[in-house]
Structures are given as C-alpha cells and as structure tokens.
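2 protein chains.
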Amino acid sequence: MKWLRYSVNEQIFTGYLKNNILHAIDGAPWDRWQELGLKHRIDNVKIETPVIPPTFYAAGLNYVKHINEVAHSRGETPVIPGAADIGYRAVNALIAHGDEVIIPKDAGEKIHYEAELVAVIGKKVKNISEKDAHSCIFGYTIGNDVSERDWQKSDRTFFRSKNTDTFKPMGPWIDTEFNIKEALTRVNVNGIQTIEFETQAMLFSIATFISRTSQYATLYPGDVFWMGTDGTSPNIKDGDTVEIEITGLGKLSNKFVRES
Amino acid sequence: MKWLRYSVNEQIFTGYLKNNILHAIDGAPWDRWQELGLKHRIDNVKIETPVIPPTFYAAGLNYVKHINEVAHSRGETPVIPGAADIGYRAVNALIAHGDEVIIPKDAGEKIHYEAELVAVIGKKVKNISEKDAHSCIFGYTIGNDVSERDWQKSDRTFFRSKNTDTFKPMGPWIDTEFNIKEALTRVNVNGIQTIEFETQAMLFSIATFISRTSQYATLYPGDVFWMGTDGTSPNIKDGDTVEIEITGLGKLSNKFVRES
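Order-wise, the sequence lines are chains X and F. Just so we're aligned: 176 in the working numbering is position 176 of the first sequence, and the numbers increase by one with no gaps anywhere. Heads up, the working numbering is the position in the second sequence plus 260, with the first residue counted as 1.
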C-alpha cells in the first residue's frame, strides 16, 4: 500500500493510492482510520512530505564507499564508525517530491545530494531488540540529504550545512510493502545516471540502528530513520534536477534553484 | 503573563496563571485564543512541558567560562566559537518541571546539568535582522541540557549524550514579561547552590542567534532556542534534585534517578 500526504486548494489530506486515485482517510495510516469517501486523481493534487516526524533520525555515515570517498576528498584517513550512533536533522528543512531545493546566495559550489532509504516508524517502542525491530516499521520512503560541504567543514554544527530550509526532500509516498532485498538506489542528474548502489549494502542495518537508538530514546509513530548514502555527488548547480530512484519503491525528484 | 501546558486526568490544557489559578484557553498563546471558562488550581494539576517545539534549537557553547572549563577538563585548548552556529536537539528527550530524569543503567558517572535560558518563538519569520529579532520572541522559559560526558566524547554524534529520553527538562512556564537585564541563573543541587552566573553574559546574544539562524531556516511559533550555559557541573547522582532558578523567571526542578 502506498500512503501520501497531499493538498488540494491548500487543504491537507492523507490517503492511499490505488490505480492513480488517492483515497482520503480520517486518522493516521499506522493507527485506526476510516475512509472519508473523498477521491482525487494523483495528477490533480500537490504532493506533500509523507510525514512530519516528531524526531528526525539520520544514520549519517553508513556505506563504506561514501565514507572512503568523503575522507579522500577532504585529505583525511577514512574512519569506519564502530557503532550505530544515530544522528538527527531538523523538521524545518523538509520539502516534498516536486518542490524546489533553494540554494542560498552565500552557499558555495559544493552542493551535494545524498540518496537515502527512509524507514518510517509506526509504533511507540522502547528497548526493542534487533530481532523485533522490523515490527515497529510502518513502511519506507526516499530522502535526499542535501548538504553544503564548505559549511559542513567550517561550522561548529551541522545545522546550516544539512538543515537549511528545503535541504531535506522526502517522498513521494510511504510504501508498506517495499522489500529491500535486491533493491538498487540510483541517482539521475538531469536524466543522466550518476550513481547506482545496492540499497541494503549498509554498514549497520536498519534493525541495528532502530534497536540501538531505542535503548535510549522512545520511538514514536511518524519518526523517520534516514539510512545514509553511498558514493559521492557532483556539484549540483542552479537549474539541475536530481531524481533519486529506489527500485520497487519509487522516485523522488527535485529541481535545484540558486537564490538570486 | 505566565503560560503553562498542564494536564488534569491526562487531558492536556493550555492556560495562563493568575494568583495560583490556571485559566484554560482554546487556541495557542501566540495566536488567536479564547477562554474555555475552565479554571484549575496550579497545585491540583500535573505540569507538562510548556511547548513541544517543531524545531529545537540549542546554542551549545555560548558562555566563556563554560568553554574554558570544559576544554580544561578534557585536557584540550579552549576554542571560542567565531560565529553563532546554532545546534539542535530532539523532542523525544523533553520532560516537564517535576518529572524525573532517568539515568540509563549503562551511563557513566559524568551526568551533568546545564542551566539555560530558553527563548520561545511566537511568529513565523525568515531573514529577520538582529535589530528586529526580539519581535519574534513570545516569551522565555528554563531548560536543563542534561549531558552524559563520556558518551559526548566517545560517540560520533551528540544523540545519546544529549537526547536520551528525559535528558531535556524544560519549564515550568513561558513568561512573556521576563527581562534578561540583571537576571541571574542559579543552580541548587539538593538545596545547596553550586553555581551562579549572569544570564545575559553570553558570547553571542539571543538576537544574534535568532537572526543568523533565520537567514537559513524559517522559524515557526513554538520553536525554542536554548541559549547555552556557564561554568561546569558536579557529577549528578541517583536521588539528587537539581533546581535551576533564573531570577525573575522561575524555577525548574527535577530529581535524577538511576535505572536499576
């Protein structure tokens, strides 16, 4: 089942998709809900971020090639993390599939995408074991962890480099049936593929991150875990469109526009 | 005016305090609201966190003595930040005045308080100037940025050291009339004062942080800015009660309990 948040004349709906028709519901997909009896063609709505997470978790470094390439580009020795230490991002930065990423005027040239699988939590849990961790996942979506590398290096925190408004495209939907096995993550810039990697080739699995994080933090329905990316990105310029595909899940596409 | 969130029989209310009586409202304090006609004695309610912020901003290092003492305790040279780079925390960790801070079983001995003034945003703003920054502040409250120093040193991110459940007491209320001039921040551990500092002796002012952050992030009503702390903390142990007073604003008190 594919779940979306969307708007019609600025009114927000939650609904599921069936044969290009959105069926609006009352309630939350992971909770009790009922049909509203309202239907919309997907072509006639504005797609919104599929969820606004209470807490926005991000694995950060979680694919070996990304860790190596980032370190080399900085002239540093790669350090493979020894534990699944979760990071986090800020909700202000989220935008939807189809929205524009706005590059601030004073940003440098090193604007990079990071194509990420996102797990969406569907149950309140604490201290969940790795074995049971998948039982609290409602479904999956796609995230683009847009980063400004000069700020990431110069600033004391990741706020500006990672959480500037519009730097966190997520969507288009939450798929409850996605199977990570054999899935590939691909990125196209202006229609030309720049990278492809096995989605599941993570250093620490989704179950490991969820279990470890839940030893310290209660997870709530709607929380998201962004699972990290592989490889590196070319510099994304004004007018470029970045499309992230995770096979079997969907495509997240956003145009980048530099503020003038 | 003092604004609280509170609960009666697990039903949550927002209200203002007048002569120890809470007057419940419908709406948000920073928006249109009306009296519900319901009153409660403050002694008869459970106080909740005064706001659940969409984004939880934290200045981190913002008082010189804290920066020096932290560096010395780590055997490092103090580095005074050159810019007001905002950090951020996670909402799962928030608890209210009077709630217990739960120290996880596997935490080390270096459990520290950080007594902080908190500015609560009341308006949606972007690109606000320093001169105008105070116009978007609705009021002020108190925060305790509880930290586990071994994890802060060992982990790749601040998640566990700063955002473990219960590590972010905030409250008891939002005061719309607080005046930072001449205010003192004091901490008592089990009734004995451990530190006192001038609340306004910040490296970067609240206006500087808000203005700079808003150059990159849209600020929303309910967002909070935790403004950093001065000095250092003794190790807080099982059974200790930490009370933070900001004169003219109020007292935030929480007992610390180690998980057994």
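Quick reminder that beta carbons are idealized off the backbone N, C-alpha and C, glycines included. The structure presented is a predicted model; accordingly, all values stated were derived computationally and were not measured.
- X/I102 is the residue among X/K168, X/I102 and X/N68 whose C-alpha sits nearest the C-alpha of X/G239.
- A buried status is given to X/T185, since no fewer than 16 other beta-carbon atoms sit within 10 Å of its beta-carbon.
- Within the same chain, and ignoring the five residues on either side of F/V517 in sequence, the residues whose Cβ sits closer than 8 angstroms to its Cβ are E360, V361, I362, I363, D498 and G499.
- Contacts between X/D165 and chain F, judged by CB atoms closer than 8 angstroms, involve K386, Y476, A477 and T478 in chain order.
- Among the residues of the stretch 352–367 of chain F, those with a Cβ less than 9 angstroms away from any Cβ of chain X are N352, A353, P364 and D366, in the order of the chain.
- Comparing alpha-carbon positions, the option among F/L277, F/S465 and F/N352 lying closest to F/E390 turns out to be F/S465.
- In terms of Cα proximity to F/N448, the closest of F/N279, F/F438 and F/T492 is F/T492.
- Each of X/N20, X/E245 and X/G248 was checked against the Cα of X/K39, and the nearest Cα belongs to X/N20.
- By the Cβ rule, the stretch 56–68 of chain X does not count as touching the stretch 135–142 of chain X, because fewer than three pairs are nearer than 8 angstroms.
- Looking at the DSSP output, F/Y276 sits in a beta bridge with F/W263 and F/H283.
- In the three-state reduction of the DSSP assignment, X/E69 falls in the helix class.
- Each residue's CA atom was taken as its position, placing F/E505 and F/P432 some 11 angstroms apart.
- A direct Cα-to-Cα measurement between F/I340 and F/L321 gives close to 8 angstroms.
- Comparing C-alpha distances from X/K162 to each of X/K110, X/T241 and X/D85 shows the shortest one belongs to X/K110.
- With fewer than 16 other CB atoms across the displayed protein chains lying within 10 angstroms of its CB, X/H72 is exposed.
- Listed along the chain, the chain F residues whose CB falls inside 7 angstroms of the CB of X/I86 are T417 and F419.
- The secondary-structure analysis by DSSP pairs X/M170 across a beta bridge with X/G143.
- Judged by DSSP in its simplified three-state form, X/D155 adopts coil rather than helix or strand.
- Nearest in C-alpha terms to F/L463, of all of F/G488, F/T337 and F/P289, is F/G488.
- Nearest Cα to X/K2 within the set X/K153, X/K124 and X/P50: X/P50.
- For X/Y6, the closest C-alpha among the options X/I47, X/L22 and X/W30 is that of X/I47.
- Residues of chain F with a Cβ closer than 8 angstroms to the Cβ of X/G60 are, in chain order, R416 and T417.
- Straight across, the Cα-Cα distance linking X/D106 with F/E456 is about 40 angstroms.
- Residue state for X/S205 is assigned as coil, using DSSP reduced to three classes.
- Under DSSP, F/F316 forms a beta bridge with F/R349 and F/V484.
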